[in-house]
Each structure stands twice: as structure tokens, then as C-alpha cells.
């Protein structure tokens, strides 16, 4: 009785060449991309076919196309390649200084500063790159070989792990120096103010536009910290996430307008007009991205910060 011989000589180089030929459908082009000669590529493909005991390619003119056996072998080859890349990534990052590439909604700039400050205590040589965006999270992530995404929108791409971090509440605030408003606090006067918000296409901008009359003056700032400073300086009023307002409200530099209206006995209808729906913070990363020690510490710090801010948290094991 004849049995199939186990292939013990299979190499990663063969897998690499196989996948390059699959991608280019041409032996010569694959050889050029791999900086090999065409005969060397042909030899490796033949050796691979001998090892697996199957014909993997057939020729159609100048094209090298997969046979049915080749199609069956392809997912296993890709799995081997992915595992090998993860191994190399682990070996190259385990004992070296780390670099962290982040793609972040500008609303979370203060969070990121606090988290990086904490992570750098255990990794003082940590290098990091922060790309702020309000829309193209995955495009920036892939362009700059990102590690983590902190987004204000759900990442729907199925190639990405996506997790809810917390729900965020917003408050409409004004400077305590805005006596013109505070001394005559009513809905009409509120919506005559200049409204400060974040840049176009941000979720906060979209919700602000929906919440104010059409002819309202709008001033747009690049990130939440700058917008907050502008409100403190009495350049306008605006909705911002509660978690970045706590210090300024506590020391009296900012006034939460809903609280001031309540103190004057405002109606439920008026309170609803100055209340903006909250939004959700999300953590995301590509499913093929290995999670190294620094990324894990960053994620843990993110959830800890959410908890300390008394936010509605949905925590998961990583």
C-alpha cells in the first residue's frame, strides 16, 4: 500500500516565492520583485511542488495561474506568511525601544497626552507619532503603519478589531467672564452667541450644526484643547466633552449653561435645547497587527483613564 510522503523540506522562501507568483501571475515579474533570477524562481516553484506532491501552477501564455490544487494550497501559504511576519515582528520588538503610531480623533488629545505620560514612565525611550483625523481613520492607519486607532466613530471595516471604550457626555459651556450672556440668560440670547466647535467633518461639528439656528456664527478650531481655551478666553460658547472640562468648571473659569438655566428654573424644553447627544469612543486596530507590550499598556491605560473619569465603560480582556 502506497502512502503520501510527508514534506519535511518546505521553506519560508518557497512560500514567499509562491505568493509572489500568485500575485504577479508571471515568473519573470515575480523574480524581479524578489531580486532573484527567473530560473531561480522556477527552481523553487518546482521544488515546492515536489515537496507538496501537487502541481500548483499551469501556464496560459505568459501567465502563471493556479491549478485547483494551487487554489487549495493558497490559504495555507498565506497563513504561514502571516505567522512568520508575526514572529519577526515579535522578535524585532521584544527587546528594543518601541515606537507607537496612533491615529486619533482630535477630541481625545488630552487623553492621549495623559496616557503617553503614563506609558513613558515604564518605557522612557518610547517614540510616538500621533496623526489626528476626524474621518479617514483606517486610511491614515494603513498609510503610516499605525498601531492603534482612538476614534469617535465606529470602525466598520471587518479587517479591524473594533471595541467600544466608553460613552461620552457633552456640555454647553461659556466663560465665567461672559457677563453679557450670564446676566441675561435665556434661549434667545444663548443662540445669538458665537459657537466654538471642532474642525469640519468631526462628530462634534456635525452635531453643533444640527443644534444651532442656520445663521449662527461658527468658529472652528483644530482640536478640543484649543477650542476650550478659546471658550475660557470668552471668544464664544460651545459644546465639549465633559471629561476635558472638569478642571475649568471646578475652578470657576467655565460655566455649564444647563446648570445655570436650571438654577433660574428653566423649562424642560429649554434645557433640551442646550443638551447635545453624547457620543462613543472606540478603540480599533488591524486584525493582523500583533499587540506588543507597549500597545497593551496603552490600551490598559486608556480603559483606566475612562474608569477614573466616571464614564460608562465597556471593558474587555485583551
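Residue numbers (full-length UniProt numbering): 1 to 318.
C-beta atoms are modelled at their ideal positions from N, C-alpha and C, and glycine is treated no differently.
None of the values given here were measured: they were computed from a predicted structure.
Around the Cβ of residue 195, are there at least 16 other Cβ atoms within 10 angstroms (buried) or fewer (exposed)? Counting from one through the chain shown, the residue named residue 195 turns up at place 195. Residue 195 comes out buried.
Residue from 145, 123, 67, 23 with nearest C-alpha to residue 288: By 1-based counting over the chain shown, the position of residue 288 is 288. Closest by alpha carbon: 145.
Residue from 183, 41, 166 with nearest C-alpha to residue 174: As a first step, residue 174 is located in the chain shown; it is residue number 174 there, counting from the start. Selected option, being the one with the closest Cα: 183.
Taking Cβ positions, are residue 56 and residue 67 nearer each other than 8 Å? The count along the chain shown starts at 1 and reaches residue 56 at position 56. The count along the chain shown starts at 1 and reaches residue 67 at position 67. The answer is yes: Cβ separation under 8 Å.
Here's the rule: buried if 16 or more other CB atoms are within 10 angstroms of the residue's CB, otherwise exposed. What is residue 150? Within the chain shown, the letter at position 150 stands for residue 150. Looking at its Cβ environment, which holds 16 or more other Cβ atoms inside 10 Å, residue 150 is buried.
Between residue 291 and residue 99, what straight-line distance do the alpha-carbon atoms span, to the nearest angstrom? Counted from its first residue, the chain shown places residue 291 at position 291. Counted from its first residue, the chain shown places residue 99 at position 99. Answer to the nearest angstrom: the Cα atoms are 13 Å apart.
Straight-line CA distance for residue 234 to residue 240? Translated into positions along the chain shown, residue 234 becomes position 234. Translated into positions along the chain shown, residue 240 becomes position 240. For residue 234 and residue 240, the distance between alpha carbons rounds to 15 Å.
I need the straight-line Cα distance from residue 136 to residue 112, nearest angstrom please. For this step, residue 136 is matched to residue 136 along the chain shown. For this step, residue 112 is matched to residue 112 along the chain shown. Taking the straight line from one Cα to the other gives about 19 Å.
Backbone secondary structure at residue 199 - three-state DSSP: In the chain shown, residue 199 corresponds to position 199, counting from 1. Coil at residue 199, not helix or strand.
Could you give the first and the last residue of the continuous beta strand (DSSP E) run that contains residue 63? Here residue 63 is taken as the residue at index 63 of the chain shown, counted from 1. Element bounds for residue 63: 63-66.
Starting from residue 286, follow the beta strand (DSSP E) in both directions and report where the run begins and ends. The residue labelled residue 286 in the question sits at position 286 within the chain shown. Run containing residue 286: 279-286, per the beta strand (DSSP E) assignment.
Along the chain, where does the alpha helix (DSSP H) that runs through residue 122 open and close? Here residue 122 refers to the residue found at position 122 when the chain shown is read from its first residue. Note, residue 122: alpha helix (DSSP H), 109-122.
State buried or exposed for residue 212, treating a residue as buried only when at least 16 other CB atoms are found within 10 Å of its CB. Looking up residue 212 in the chain shown gives position 212. By the neighbour-count rule (16 or more Cβ atoms within 10 Å), residue 212 is buried.
Just grab the DSSP bridge partners of residue 164 for me. Numbered from its first residue, the chain shown carries residue 164 at position 164. Partner(s): 282.
With burial defined as no fewer than 16 other Cβ atoms inside 10 Å of the residue's Cβ, what is the status of residue 178: buried or exposed? One-based indexing of the chain shown puts residue 178 at position 178. Answer is buried; the Cβ neighbour count reaches 16.
Which partner residues does residue 99 have in the DSSP bridge list? One-based indexing of the chain shown puts residue 99 at position 99. For residue 99, which the question treats as bridged, DSSP gives the partners 127.
Tell me whether residue 272 is buried or exposed, calling it buried when 16 or more other Cβ atoms sit within 10 Å of its Cβ. The residue given as residue 272 occupies position 272 in the chain shown. Label assigned to residue 272: exposed.
The alpha helix (DSSP H) that contains residue 32, what's its start and end? Counting from 1 along the chain shown, the entry for residue 32 is found at position 32. Per DSSP, residue 32 belongs to the alpha helix (DSSP H) from 27-33.
Look at residue 176 and residue 244 and say whether their C-beta atoms are less than 8 Å apart. Your numbering for residue 176 matches position 176 in the chain shown. Your numbering for residue 244 matches position 244 in the chain shown. No, Cβ-Cβ distance for residue 176 and residue 244 is not below 8 Å.
Based on DSSP bridge pairs, tell me the residues matched to residue 240. Indexing the chain shown from 1 puts residue 240 at position 240. For residue 240, which the question treats as bridged, DSSP gives the partners 171.
Which of the three DSSP states, helix, strand or coil, is assigned to residue 185? Translated into positions along the chain shown, residue 185 becomes position 185. Coil.
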